[in-house]
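In the working numbering, the protein residues as written are 80 to 302. Just so you know, even glycine gets a beta-carbon here, dropped at the ideal spot from N, CA and C.
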């Protein structure tokens with residue numbers, strides 16, 4: 080059955096050459112942990128992508144139950160954790176994955192920096208990677224408020240006050256993040272929209288560019 084579906088799609092889109100190009104792409108020996116244990120450091124990028132996929136999938140599940148308003152936000156999270164089958168597991172994956180993906184991305188960035196993989200001809204990919212790092216930090220910050228409990232509320236207040244200290248654009252940044260003069264319903268709605276729509280769109284675009292450049296330039300070798 081699956082073969083018939085594949086043949087039907089391949090007849091119209093000719094995907095076999097593309098699939099073979101991906102499947103037959105050899106992994107360089109210096110990044111294969113089976114050959115060199117030290118090559119494990121080259122896995123940080125792949126592990127970061129794997130955790131990111133888990134974050135996207137678990138986040139999609141969470142949005143099926145989450146209500147982004149100040150009246151029902153905390154109640155919807157409580158219901159998800161205590162009433163929905165496996166809800167506590169999925170939210171736990173998303174909660175801890177948010178921290179783990181930052182740790183893995185930090186380790187990946189350190190590997191690239193100390194091995195000089197950001198040098199010519201990969202300067203642009205380094206810039207894209209740094210932008211991905213900032214997007215991930217933004218996702219972590221905007222997602223922290225969504226449970227709408229006291230810890231999230233005060234942590235968000237601190238974050239917005241820090242943003243206000245930015246020279247010149249500080250007050251504008253505070254108004255943009257808070258959606259007004261106080262942290263309230265507009266802030267929660269704005270953070271939800273940024274967390275679920277704007278930042279994921281930027282992340283997918285940057286990751287696509289990141290992978291295309293890796294595929295074009297290859298993985299950098301050891302110093």
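Exercise. Let me know if residue 226 comes out buried or exposed under the rule of 16 or more other beta-carbons within 10 Å of its beta-carbon.
Key: Your numbering for residue 226 matches position 147 in the chain shown. Result: buried.
Quiz item: In three-state terms, what does DSSP make of residue 162?
Solution: Translated into positions along the chain shown, residue 162 becomes position 83. Here residue 162 sits in coil by DSSP.
Practice problem: Report yes if the CB atom of residue 285 is closer than 7 Å to the CB atom of residue 182, and no otherwise. | Solution: Sequence index remark: in the chain shown, residue 285 carries index 206 (1-based). Sequence index remark: in the chain shown, residue 182 carries index 103 (1-based). Taking 7 Å as the Cβ cut-off, residue 285 and residue 182 do not qualify as a contacting pair.
Quiz item: Rounded to whole angstroms, how far is the Cβ of residue 144 from the Cβ of residue 155, which I believe are closer than 8 Å?
Solution: Residue 144 sits at position 65 when you count from the first residue of the chain shown. Residue 155 sits at position 76 when you count from the first residue of the chain shown. That belief holds up - the Cβ atoms of residue 144 and residue 155 are roughly 6 Å apart, short of 8 Å.
Exercise. Could you tell me how far apart the beta carbons of residue 215 and residue 180 are, in whole angstroms, since I believe they sit closer than 8 Å?
Key: The residue labelled residue 215 in the question sits at position 136 within the chain shown. The residue labelled residue 180 in the question sits at position 101 within the chain shown. Here residue 215 really is in contact with residue 180; their C-beta atoms are around 6 Å apart, less than 8 Å.
Quiz prompt | Separation of residue 257 from residue 130, as counted between CA atoms | solution = For this step, residue 130 is matched to residue 51 along the chain shown. For this step, residue 257 is matched to residue 178 along the chain shown. For residue 130 and residue 257, the distance between alpha carbons rounds to 29 Å.
Quiz prompt | Proximity of residue 224 and residue 165 at Cβ, strictly below 7 Å | solution = For this step, residue 224 is matched to residue 145 along the chain shown. For this step, residue 165 is matched to residue 86 along the chain shown. Between residue 224 and residue 165, the CB-CB gap reaches or exceeds 7 Å.
Quiz item: First and last residue of the alpha helix (DSSP H) that includes residue 125?
Solution: If you number the chain shown from 1, residue 125 lands on position 46. Residue 125 -> alpha helix (DSSP H) spans 123-141.
Quiz item: Under the rule that 16 or more other beta-carbon atoms within 10 Å means buried, what is residue 132, buried or exposed?
Solution: Position 53 of the chain shown holds residue 132. Residue 132 is exposed by the Cβ-count criterion.
Exercise. Starting from residue 247, follow the alpha helix (DSSP H) in both directions and report where the run begins and ends.
Key: Here residue 247 refers to the residue found at position 168 of the chain shown. From DSSP, residue 247 is part of no alpha helix (DSSP H); its letter is neither H nor E.
Quiz item: For residue 84, which residues from the same chain have a beta carbon less than 6 Å from its beta carbon, with the 5 sequence-adjacent residues on both sides left out?
Solution: As a first step, residue 84 must be located in the chain shown, where it is residue number 5. Once the five neighbours on either side are set aside, residue 84 has no close Cβ partner at all.
Self-check item: From 243, 210, 244, 146, residue whose alpha carbon lies closest to that of residue 272
Solution: Start at 1 with the first residue of the chain shown, and residue 272 comes out as number 193. Of 243, 210, 244, 146, the residue nearest in Cα terms is 146.
Self-check item: residue 204, DSSP secondary structure in three states
Solution: As a first step, residue 204 is located in the chain shown; it is residue number 125 there, counting from the start. Residue 204 falls in the helix class under three-state DSSP.
Quiz prompt | Contact belief for residue 134 with residue 173 at Cβ below 8 Å, rounded distance in angstroms | solution = Position 55 of the chain shown, counting from 1, holds the residue named residue 134. Position 94 of the chain shown, counting from 1, holds the residue named residue 173. With 8 Å as the limit, residue 134 and residue 173 qualify as a contact, their Cβ atoms being about 6 Å apart.
Self-check item: Coil, strand or helix - residue 96 by DSSP
Solution: As a position in the chain shown, residue 96 is number 17, starting the count at 1. DSSP places residue 96 within a helical segment (H, G or I) once states are collapsed to three.
Quiz prompt | Close Cβ partners of residue 177 (< 8 Å) along its chain, the five nearest in sequence each way excluded | solution = Here residue 177 corresponds to residue number 98 of the chain shown, with the count starting at 1. By the criterion of a C-beta distance shorter than 8 Å, residue 177 is surrounded in its chain by 134, 218, 219, 222, once the five residues flanking it on both sides are discounted.
Quiz prompt | Between the CA atoms of residue 81 and residue 291 - distance to the nearest angstrom | solution = Residue 291 sits at position 212 when you count from the first residue of the chain shown. Residue 81 sits at position 2 when you count from the first residue of the chain shown. The alpha-carbon atoms of residue 291 and residue 81 are separated by roughly 28 Å.
Quiz prompt | residue 89 beta carbon less than 7 Å from that of residue 95 | solution = Indexing the chain shown from 1 puts residue 95 at position 16. Indexing the chain shown from 1 puts residue 89 at position 10. Cβ distance < 7 Å, so residue 95 and residue 89 count as in contact.
Quiz item: Which residues bound the alpha helix (DSSP H) around residue 295?
Solution: Working through the chain shown from its first residue, we reach residue 295 at position 216. Where residue 295 is concerned, the enclosing alpha helix (DSSP H) stretches over 278-296.
Practice problem: Just mark residue 193 as buried or exposed, buried being the case when its beta carbon has 16 or more other beta carbons within 10 Å. | Solution: The sequence position of residue 193 within the chain shown is 114, counting from 1. The residue in question, residue 193, is exposed, as its Cβ has fewer than 16 Cβ neighbours within 10 Å.
Quiz item: Short check: CB of residue 252 to CB of residue 245, under 7 Å?
Solution: What you label residue 252 is simply residue 173 of the chain shown in a count that begins at 1. What you label residue 245 is simply residue 166 of the chain shown in a count that begins at 1. With respect to residue 245, residue 252 sits close: the two C-beta atoms are nearer than 7 Å.
Self-check item: Residues of its chain near residue 278, where Cβ-Cβ distance is below 6 Å and the 5 sequence neighbours each way are ignored
Solution: The count along the chain shown starts at 1 and reaches residue 278 at position 199. Excluding sequence neighbours, residue 278 sits near 214, 217, 218.
Quiz item: Using DSSP with H/G/I as helix, E/B as strand and the rest coil, what is residue 227?
Solution: In the chain shown, counting from the first residue as 1, residue 227 sits at position 148. Coil at residue 227, not helix or strand.
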